[in-house]
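Each remark here refers to the structure printed beneath this line.
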Amino acid sequence: MRKYLYAILSLAVLPLAGCFGPATTGPRAVIATDPSPAQGPYPFTVAFDASRSQGDIAEYLWAFGDGTTGTGHSLTHTYEKRGTYTVYLTVVARDGTTGQTSTTVHVHSQRPVARFTISPPSAKVGEPFWFDASTSYDPDGQVAEYLWNFGDGKSETTTVPYATHRYGETGRYTVTLVVKDEEGDLSDPELRPLEVVRGGCCGN
Numbered sequence: 019m020r021k022y023l024y025a026i027l028s029l030a031v032l033p034l035a036g037c038f039g040p041a042t043t044g045p046r047a048v049i050a051t052d053p054s055p056a057q058g059p060y061p062f063t064v065a066f067d068a069s070r071s072q073g074d075i076a077e078y079l080w081a082f083g084d085g086t087t088g089t090g091h092s093l094t095h096t097y098e099k100r101g102t103y104t105v106y107l108t109v110v111a112r113d114g115t116t117g118q119t120s121t122t123v124h125v126h127s128q129r130p131v132a133r134f135t136i137s138p139p140s141a142k143v144g145e146p147f148w149f150d151a152s153t154s155y156d157p158d159g160q161v162a163e164y165l166w167n168f169g170d171g172k173s174e175t176t177t178v179p180y181a182t183h184r185y186g187e188t189g190r191y192t193v194t195l196v197v198k199d200e201e202g203d204l205s206d207p208e209l210r211p212l213e214v215v216r217g218g219c220c221g222n
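Okay, here's the thing in C-alpha cells:
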C-alpha cells in the first residue's frame, strides 16, 4: 500500500517539476577604483570602473555616498570634504534583474608641513640651541603640536613653534621635527644638522 501511494505521488510531482525552467541568476556587480585603496586628502578624485561586472547589463547606477549619483560603467568623482563614504553600484540586466555591491572611500584632511631653523648652527657643549618652527603650516587647518627629536636620545613635544636644547657632548647631531594638526594628521619629518664643539675651540 505504501509503495502504491509513493508511486502515485511521484507521478503527480514529476509533471509539476517539468513546468519550471532553471533558476535565473542576476548580474554580478564589481567595482575597481583608482587609486586602490581609495583614500587620500581632499579634494580627492577617484576613478570608478565597473567593466568587470558580469551579466547582460543594461545600466550601471552609482551612489557616491555624498548625496550625488552617476551612471555608466566607468566614471570619476571628486570628494570635496573629509569623511568616510560608502559607494554603491547597482547593475541592471536587460531582463530586469539586478545586482549590487559597495566599496569605501576614505577622505582625510591635508597633511601639515614641518619647517624649522636652528640658531646658531654650531655651539659649545652646554650652550643652548634655539629652534624656530614658526614657518610650519597646515594647508586646511592649524598646527596643534610640534614633536622634536634632538638626535641625542632626547625629545620634546610643544604646543608652540619654539624649543631650546643643550647638548652634553661634542659631535654632529640631526634634529628632526614632525608637526601634528588638529585632526591628528602628521607631517613628513623635517631634518636639520647642527654641531656641538668644545668650549676651547670657539675663542673663549
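Going by my numbering, the first residue of the sequence shown is number 19, and it counts up by one from there. Glycine included, every Cβ here is placed at the ideal spot set by N, Cα and C.
- Between F134 and D150 a beta carbon distance of about 6 Å is seen, short of the 8 Å cut, so the two are scored as contacting.
- In the three-state reduction of the DSSP assignment, G217 falls in the helix class.
- Looking at D170, G217, E208, P53, the one whose alpha-carbon comes closest to that of A132 is E208.
- When the alpha-carbon of L212 is set against those of E200, E201, D203, E187, the nearest one is in E187.
- Spatial neighbours of H126 in its own chain (CB-CB distance under 8 Å, excluding positions within 5 residues in sequence) are listed in chain order as Q57, G58, P59, Y60, R100, E201, D203.
- For P146, the enclosing beta strand (DSSP E) stretches over residues 146-150.
- Taking C-beta atoms under 8 Å as the contact rule, T108 and A47 qualify, at a distance of about 7 Å.
- Rounded to the nearest whole angstrom, the C-alpha separation of H183 and P146 is 5 Å.
- Only buried fits V123, as 16 or more other CB atoms lie within 10 angstroms of its CB.
- When the alpha-carbon of T51 is set against those of L93, G144, Y180, the nearest one is in L93.
- In the three-state reduction of the DSSP assignment, F82 falls in the coil class, being assigned neither a helical nor a strand state.
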